[in-house]
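K.L.:
Chains as they are written, first to last, in the numbering used here: chain A, 380 to 865; chain B, 33 to 482; chain C, 1488 to 1752.
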């Protein structure tokens, strides 16, 4: 039975349990709902939960565990030469799965009978051709070992499927009986149902933690793998980045960090003055109607996807900088450059800085403004000497958050910064960042055993640590600032 | 108390009329005017860049919604297309697209002859090149679907090659053609005559919304169909996965969570996840959903899982704000008539918070719709020219997404793809505008004053 | 505290610092102040009293054009500071406010050190040529505000760390550091406890020697204690204006009497 069919069966049982439990509860008081502890529907829900919870949990567990068990069994029977190391083993297992899947397809399309699929031998049949005929293209001839492993695989998988169906359905039926038999007048169905709902709510809110754990786990294990293949000191201190998939790569992060920071600095030079002055103007000078129009318009920038900014960098800003500045000044002839990416990220961050600063400036009490104006200060003196110092921690927090966004920005640098890792001072030269290299090393054909691919995880880890650190610091500053006025 | 007049240093300022500004005052006022001007300049720069960006996108992208097509009568010769003459599809499919291409170019040449348009140094082969390489495949499919067409004369309405399309739109000129190996100035001049003769026309490009992506040589045939479907699948999945979880988490954190370490950990996690670079979520998706869980690459399911995790903090933050906005008096009222805490939340608080939750959800989906970087890592940037099948199996089929399509077109060599890329942006922005306006209207409609 | 008969004699010889003639204020549609004319004397304390919303604070804020910061406020009529119209288009409100200082209802020290709070005004107005002069002004102002003894050892401490009464005296020091001629005080004691109030009241009485002080208060006892002249506002009208002693002992208008005896307000 396929998973979908199992789910359908569980659903039917769950609905049945609802009505049966409800019915039974009502019957226990001769149809008088007022004698029940809870409303009839809670008894129904209790039945439904009793069906769903154990069976779905078992199904999920089975789906996770079965592939692991099967792979372990299969690889025991494979010759040592095919599973010499992790990457080799991974490749062989992929072949086995693919051949097994191909045999399934062939059976499903009727070009092979079930017996044939079980007994076919490489000596007598060209399995590759046979599978190609049903649309499953294999990279190489199928070896004897792989074919027999694939047949074992199918065997185990079909046993597994049968066991899965049996277990899940049995659990569902047991749950139904349990749920229905407990439906009696004095059973506290509502409390039980509410406990389960509360459990679900807790589970949902724990997903945030699971995500963080997932992020860390996904990167830490691969990062360790990387450092076992590439020396850690070279990664952090080498001045060259030149990956080479034939081996002998230099994978120094420094040029990437340099590019990232250079672009971030340029972007901050754009976004901080513009964002801050725009916020000051809107908060302190603009009339109500001007503010009502301009503020949302600036925030429109924040709603535009970054890939659009990428196109803007690639098509408009890059060529314009090249033709008007870089080429006449003799600083280079590349449209992609630190300047291009930096300016466009700066534009992206303007609304971020301006709306955060706007909030912070507005949080400064009006009485301070009055006090300063009442002493005969001009508005600008008030802003510079009273409001900005008072709002400074918050604004620094906003700026740090913007810097963290700039460091982690991907699409704009992919499309506007270039791909060459360089340690150069010329802002009109193409340089590259950590995020560009993460995309570069992880797209296209990847071999998860090669350090050239795994380095992306180390880069991701570095990026994660830097941005997280900046954000925690920024949040801490902002929180301290809030306390000041509460 | 001290004697005031004796205090040192306390000399009154020289008395001046308030009607005349002192030199000092003039300097200060100039500084004030400068400061205010900086603010106005900053606002002007921000608005100007927005305007320039939208302008360049419209300028470069609107033309993607029109496409040059050649229209001419064509006889579908039965001898060529069905050599055995038995209308058997199996046999007919032996004639490849090359055969159909020949038929097409022959028909175009014949039409030129009939209308008396001189070739003027353009070879027969070069005239055939004016027709898109996509046209033959399209015609072949049409004939195979309906063999009865053989032997009749139909009106061919086929895509012109991308360069000709560019010529009609002004992107390709006689000068650029000099340096172009794909088109010659003579071909362009001929195209001009074809246009004057009514054979070549630019018309509304529905195919842009329905076609799948096309290879580098056929920009004229590339469309957004797969990307639109992929994005729709992903948004549907994000809606189904993210909203219930996000709302449930918010309810717990706002209404039930005790003040303890676990709750604190959740709070810290949510605010930090909102700031984790999107590319990191891509790494998560690649490592966990594809490499570990073995879900298929490029599938909308994996894309949706990754985007859901990214959108979750946004939805949780919006939902918590609207739950918090429901006044405690409502809760007290419900608890006062003997409702359980759970009933209070689900019967009273949640319905009242719903408009705010909806608004937050729409805005969260809008930003999810534009997300690109993590999708690159899970393989959605791959060239996909087959539509994913219908759900639920279709969720596992390779697909691409609207913003990813923008990126992959932008990274191709042919400038015709830049036009398509900008066109795709316009489509994307239209969706975003619709969602945002929807959210604003919803907020207005249900705005509540307690 | 004051001996009313003595102050009454004193004010007769004093000159008018500010004369308001026919002042009207509108906030949008709301007619907040109706045809107010009053002479405010130099070197005297003038109190504005009246029920909440009567326009007394509005009128006070007209005197140094703080109403300019409220976009919807429109002021008409004439307010003369030593014969010069402060609403003349040539007048820079910034320059005006240096001469007509203001102290607010809630103590609002800047989040800076005590020293910087007091030095703020002299710095922005460029009153000093060097640090020594600035130090002298800061000390003199703090002494004048009767705060020097309490803070002279911790001038670098933040002004927000002082107690409420100290904060308000700091704000007064800050206002007098710019060397104003008129000090406007908008309910300066309403956020203070009785002891701090007494200290500030005592200070106000001393300030009279050098400034013209205008104080808005909702407390009639306070007006009676510190002021020589009292103006009673009601519903945007200036109902009665005269020597404090006369207003409280012998009001001419029945509305004043009703307010003083506690029947309205």
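By construction, the Cβ of each residue, glycine as well, lies at the ideal position given by its N, Cα and C atoms.
If you're wondering where the values come from, they're calculated on a predicted model, not measured in any experiment.
(1) Can you find a C-beta in chain B that's less than 8 Å from the C-beta of residue 480/A?
(2) Identify the continuous beta strand (DSSP E) that holds residue 1726/C and give its terminal residues.
(3) Only counting runs of 4 or more residues, tell me where the alpha helix (DSSP H) segments fall wholly within the region 216 to 260 of chain B, in order along the chain.
(4) Can you tell me where the alpha helix (DSSP H) holding residue 1591/C begins and where it ends?
(5) Would you say residue 60/B reaches chain A, if we count a Cβ-Cβ gap shorter than 8 Å as a contact?
(6) Check the Cβ of residue 1435/C against every Cβ in chain B and list those closer than 9 Å, keeping chain order.
(7) Using three-state DSSP, classify residue 194/B as helix, strand or coil.
(8) Scan the region 602 to 689 of chain A and note each continuous alpha helix (DSSP H) run of 4 residues or more that stays entirely inside, going in chain order.
(9) Indicate the three-state DSSP secondary structure (helix, strand or coil) for residue 412/B in the structure shown.
(10) Assuming residue 106/B is part of the alpha helix (DSSP H), what are its boundary residues?
(11) When the Cβ atoms of the region 625 to 643 of chain A are set against those of the region 805 to 818 of chain A, are three or more pairs found closer than 8 Å?
(12) Would DSSP call residue 172/B helix, strand or coil?
(13) Can you list the residues of chain B that residue 1581/C reaches, using a CB-CB cut of under 9 Å?
(14) Cβ closer than 9 Å: which chain A residues qualify as neighbours of residue 1597/C?
(15) Under a CB-based cut-off of 8 Å, is residue 69/B close to chain C?
(16) Quick one: using the 10 Å Cβ neighbour count with 16 as the cut-off for buried, is residue 804/A buried or exposed?
(17) Indicate whether at least one CB of chain A lies closer than 8 Å to the CB of residue 1601/C.
(18) Let's test the definition: count the other Cβ atoms within 10 Å of the Cβ of residue 43/B and tell me whether it reaches 16, buried, or not, exposed.
(19) Of all Cβ atoms in chain B, is any one closer than 8 Å to the Cβ of residue 836/A?
(20) Quick one: give me the first and last residue of the beta strand (DSSP E) that residue 1533/C is part of.
(21) Does residue 736/A get closer than 8 Å to chain C when you measure Cβ to Cβ?
(22) Using the rule of at least 16 other Cβ atoms within 10 Å of the residue's Cβ for burial, across every protein chain shown, is residue 846/A buried or exposed?
(23) So, helix, strand or coil for residue 1514/C, using DSSP?
(24) Using a cut-off of 7 Å between C-beta atoms, extract the partners of residue 97/B located in chain A.
(25) Here's a check: name, in chain order, each residue in its chain whose Cβ is nearer than 6 Å to the Cβ of residue 699/A, leaving out the five neighbours to either side.
(26) Any Cβ of chain B within less than 8 Å of the Cβ of residue 571/A?
(27) Looking only at its chain, what residues have a beta carbon closer than 7 Å to the beta carbon of residue 218/B, apart from the 5 residues adjacent to it on each side?
(28) Whole alpha helix (DSSP H) runs in the region 282 to 312 of chain B with 4 or more residues, listed along the chain?
(29) Just checking my contact of residue 1587/C with residue 1667/C at CB under 8 Å: how many whole Å lie between their CB atoms?
(30) Report the CB separation of residue 385/B from residue 355/B in whole angstroms; it is logged as a contact under 8 Å.
(31) Could you check the C-alpha separation between residue 715/A and residue 1625/C for me, to the nearest Å?
(32) Indicate whether at least one CB of chain B lies closer than 8 Å to the CB of residue 1740/C.
(33) Report the CB separation of residue 1699/C from residue 1528/C in whole angstroms; it is logged as a contact under 8 Å.
(34) Exposed or buried, which one is residue 247/B when buried takes at least 16 other CB atoms within 10 Å?
(35) Given this structure, state the Cα-to-Cα distance separating residue 709/A from residue 430/B, to the nearest angstrom.
(36) Following the continuous beta strand (DSSP E) through residue 322/B, name the residue where it begins and the one where it ends.
P.N.:
Taking the definition as stated:
(1) Within the first chain, numbered from 1, the residue matching residue 480/A stands at position 101. So no, residue 480/A is outside the interface.
(2) Position 239 of the third chain, counting from 1, holds the residue named residue 1726/C. First-last of the beta strand (DSSP E) with residue 1726/C: 1724 to 1730.
(3) 217 to 228 and 239 to 242
(4) Looking up residue 1591/C in the third chain gives position 104. Counting along the chain, residue 1591/C falls outside any alpha helix (DSSP H), and DSSP gives it neither H nor E.
(5) Sequence index remark: in the second chain, residue 60/B carries index 28 (1-based). Yes, its Cβ sits closer than 8 Å to a Cβ of chain A.
(6) In the structure as shown, chain C begins at 1488 and stops at 1752. Residue 1435/C is therefore absent and cannot be evaluated.
(7) Stepping through the second chain from its first residue, residue 194/B is reached at position 162. Helix, per DSSP.
(8) 611 to 616, 633 to 659 and 667 to 682
(9) In the second chain, counting from the first residue as 1, residue 412/B sits at position 380. DSSP places residue 412/B in coil when its eight states are reduced to three.
(10) Numbered from its first residue, the second chain carries residue 106/B at position 74. Note, residue 106/B: premise wrong, no alpha helix (DSSP H); beta strand (DSSP E) at 98 to 107.
(11) yes
(12) Taking the second chain and counting its residues from 1, one reaches residue 172/B at position 140. Helix at residue 172/B.
(13) If you number the third chain from 1, residue 1581/C lands on position 94. Under the 9 Å cutoff, chain B gives 57, 60, 61 and 64.
(14) If you number the third chain from 1, residue 1597/C lands on position 110. Near residue 1597/C (Cβ distances below 9 Å), the residues of chain A are 747, 750, 751, 764, 765, 768 and 769.
(15) Mapped onto the second chain, residue 69/B falls at position 37. No, no contact with chain C.
(16) Along the first chain, one-based indexing puts residue 804/A at 425. The residue in question, residue 804/A, is exposed, as its Cβ has fewer than 16 Cβ neighbours within 10 Å.
(17) For this step, residue 1601/C is matched to residue 114 along the third chain. No - not a single Cβ of chain A is within 8 Å of the one on residue 1601/C.
(18) Locating residue 43/B in the second chain gives position 11, counting from the first residue. Because residue 43/B sits at a pLDDT of 48, beneath the cut-off of 50, its placement in the model cannot be relied upon, and the point is left open.
(19) What you label residue 836/A is simply residue 457 of the first chain in a count that begins at 1. Closer than 8 Å to some Cβ of chain B, the Cβ of residue 836/A qualifies, so yes.
(20) Against the third chain, residue 1533/C aligns to sequence position 46. It spans 1532 to 1536 - the beta strand (DSSP E) in which residue 1533/C sits, taken as one unbroken run.
(21) Sequence index remark: in the first chain, residue 736/A carries index 357 (1-based). No, its Cβ sits nowhere closer than 8 Å to a Cβ of chain C.
(22) For the purposes of this step, residue 846/A is identified with residue 467 of the first chain, where counting begins at 1. Per the 10 Å Cβ criterion, buried.
(23) Counted from its first residue, the third chain places residue 1514/C at position 27. Note: residue 1514/C maps to strand in three-state DSSP.
(24) Here residue 97/B corresponds to residue number 65 of the second chain, with the count starting at 1. Those do not exist, as residue 97/B stays about 17 Å from chain A at its closest Cβ, beyond 7 Å.
(25) Mapped onto the first chain, residue 699/A falls at position 320. Nothing meets the Cβ criterion.
(26) Taking the first chain and counting its residues from 1, one reaches residue 571/A at position 192. No, because no Cβ of chain B sits closer than 8 Å to the Cβ of residue 571/A.
(27) Position 186 of the second chain, counting from 1, holds the residue named residue 218/B. Within the same chain, residue 218/B has close Cβ partners 152, 153 and 154.
(28) 293 to 305
(29) By one-based count along the third chain, residue 1587/C stands at place 100. By one-based count along the third chain, residue 1667/C stands at place 180. At roughly 6 Å, the Cβ-Cβ gap stays under 8 Å, so residue 1587/C and residue 1667/C are in contact.
(30) Within the second chain, residue 385/B is the residue found at index 353, counting from 1. Within the second chain, residue 355/B is the residue found at index 323, counting from 1. That pair is a contact at about 5 Å.
(31) Mapped onto the first chain, residue 715/A falls at position 336. Mapped onto the third chain, residue 1625/C falls at position 138. C-alpha separation (whole angstroms): 57 Å.
(32) Along the third chain, one-based indexing puts residue 1740/C at 253. Chain B, which has no Cβ nearer than 8 Å to the Cβ of residue 1740/C, makes this no.
(33) Position 212 of the third chain holds residue 1699/C. Position 41 of the third chain holds residue 1528/C. Contact holds; Cβ gap of about 6 Å.
(34) Within the second chain, numbered from 1, the residue matching residue 247/B stands at position 215. The residue in question, residue 247/B, is exposed, as its Cβ has fewer than 16 Cβ neighbours within 10 Å.
(35) Numbered from its first residue, the first chain carries residue 709/A at position 330. Numbered from its first residue, the second chain carries residue 430/B at position 398. Taking the straight line from one Cα to the other gives about 46 Å.
(36) On the second chain, position 290 is the one that residue 322/B refers to. Where residue 322/B is concerned, there is no enclosing beta strand (DSSP E), given that its DSSP letter is neither H nor E.
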